[in-house]
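What follows is one structure encoded as structure tokens, with my remarks underneath.
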Amino acid sequence: MVHIDILSLFPEMFQGPFGIGILKRAIDRKLVSISIHNIRDYTHDKHATVDDYPYGGGAGMILKPEPIFEAVESIKSDICRKQGVSDIDCYTLPIILLTPQGRLYSQHIAAELSTHRQMTLICGHYEGVDERVPEYLASDEISIGDYVLSGGELAAMVVVDAVVRLLPGVLGSQASLLEDSHVTGLLEYPQYTRPAVHRERSVPEVLLSGNHAQIAKWRREQAILRTLKRRPELLDKANLCSEERQLVERLSTSPGKSAGDKWSGQQLMEENS
Ligand code: SAH
């Protein structure tokens, strides 16, 4: 079982997202356990002060280092006690600060985190956290995107959700993971379900053909075409065979056909046949 500790000023925010759907099922089936710790519980003054004014002046409040250090130390010593060891390094226990200044979260990072048996996430708030937290306590800093949230809680939920669905046994079918957008380096092909005709719009015929080789070929092409059109920069790192590379080259350099804009799936199939 994977164990995740989360430090937050607002533990109640996690109840909804962790209490339904795939995450709840993963928790119920003991594939993951998640403990939310209130940073306020690690203060010692009578007002339970977690923040203070920034040195040097400026707007907003900064989370104080002491309660965050104490909370992480208490989590660490619990883990050490349970595992019968005297200390624990950041490979065994990544300590991740959620911050807009961190490395940009991706499927690749989610996969990397999903190999750890435990991790601790720290959610900032207000104007952020005292710099000694990222400098001397956290082993990693993660941002979920180039925008500023009011707190790290939503970011922690995003990180946890993407990690948990990768854990063995969490999704009904492991196969679905292999084709997900960003897993293959491509965006996923378009998906359809019943009815075959909705408001006079039909599902692509190939999907109804029962010809699995044709379906696989169509999906692969659609995934490439869609990635070229929406996120061409992803193709640089995608795993394409030389024919597929040539096709992409052709489509992206054809005069008047910028980044696959004017190409339909049908044209792509004709091009490729
Ligand atoms: N003044 C800070 C931002 C503070 S936002 C700065 O400019 O860097 C308050 C908190 O929200 C942060 O401490 C962080 O925990 C969280 N947060 C905000 N945006 C985030 C993002 N894009 N990814 C992850 N966490 C974020």
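Numbering that gives the first Met the number 0 numbers the first residue of the sequence shown as 0 and each following residue consecutively.
Glycine residues also receive a C-beta, built at the ideal position from the N, C-alpha and C atoms.
In angstroms, rounded to a whole number, what distance separates the CA positions of Ile-237 and Ser-34?
Here residue 237 is taken as the residue at index 238 of the sequence shown, counted from 1. Here residue 34 is taken as the residue at index 35 of the sequence shown, counted from 1. This sequence places Ala at residue 237; Ile is not what is there. Cα to Cα, Ala-237 sits roughly 37 Å from Ser-34.
Kindly indicate which residue of Asn-37, Leu-96, Gly-55 and Gly-56 has the alpha-carbon position closest to the one of Ala-47.
Reading the sequence shown from its first residue, position 48 is the one you call residue 47. Of the listed residues, the one whose Cα sits closest to Ala-47 is Asn-37.
Skipping 5 residues on each side, what residues in its chain have a beta carbon closer than 8 Å to that of Ser-142?
Here residue 142 refers to the residue found at position 143 of the sequence shown. Answer for Ser-142: Leu-97, Thr-98, Pro-99, Gln-100, Gly-101, Arg-102, Leu-103, Tyr-104 and Ala-154, listed in chain order.
In the DSSP assignment, what residue or residues form a beta bridge with Leu-120?
Counting from one through the sequence shown, the residue named residue 120 turns up at place 121. The partner list for Leu-120 (beta bridge, DSSP) reads Ile-5 and Ile-95.
How about Cys-122: is its C-beta nearer than 8 Å to some C-beta of chain D?
The structure shown has no chain D; it contains just one protein chain.
Met-156 classed as buried or exposed, judged by whether at least 16 other C-beta atoms fall within 10 angstroms:
The residue given as residue 156 occupies position 157 in the sequence shown. It is buried - the Cβ of Met-156 has at least 16 other Cβ atoms within 10 Å.
I'd like the span of the alpha helix (DSSP H) that includes Glu-187, first residue to last.
Within the sequence shown, residue 187 is the residue found at index 188, counting from 1. Looking at the DSSP string, Glu-187 is not in any alpha helix (DSSP H), and its letter there is neither H nor E.
Work out the CA separation of Ala-195 and Val-205 for me, nearest whole Å.
Numbered from its first residue, the sequence shown carries residue 205 at position 206. Numbered from its first residue, the sequence shown carries residue 195 at position 196. Looking at the two C-alpha atoms, the distance is approximately 12 Å.
Helix or strand or just coil, what does DSSP make of Asp-44?
If you number the sequence shown from 1, residue 44 lands on position 45. Reduced to three states, the DSSP call for Asp-44 is coil.
For Phe-183 and Leu-177, what's the separation of their Cα atoms in angstroms?
In the sequence shown, residue 183 corresponds to position 184, counting from 1. In the sequence shown, residue 177 corresponds to position 178, counting from 1. In the sequence under discussion, the amino acid at residue 183 is Thr, which differs from the Phe named in the question. Approximately 7 Å, taken between the alpha carbons.
My output table needs one value for Glu-134: the three-state DSSP class, helix, strand or coil.
Numbered from its first residue, the sequence shown carries residue 134 at position 135. Of the three classes helix, strand and coil, the one that applies to Glu-134 here is helix, per DSSP.
Please find out if some non-hydrogen atom of the ligand SAH comes closer than 7 Å to the beta-carbon of Tyr-146.
One-based indexing of the sequence shown puts residue 146 at position 147. Because some heavy atom of the ligand SAH lies under 7 Å away, the Cβ of Tyr-146 counts as near it: yes.
If you follow the beta strand (DSSP E) that Ile-35 is in, where does it begin and where does it stop?
Position 36 of the sequence shown, counted from the start, is the residue given in the question as residue 35. It spans 31-37 - the beta strand (DSSP E) in which Ile-35 sits, taken as one unbroken run.
Going by beta carbon distance, what residues of the same chain come within less than 8 Å of Val-247, once the five residues before and after it are set aside?
Position 248 of the sequence shown holds residue 247. Taken in chain order, the residues that qualify are Ile-223, Leu-227, Leu-234 and Leu-239.
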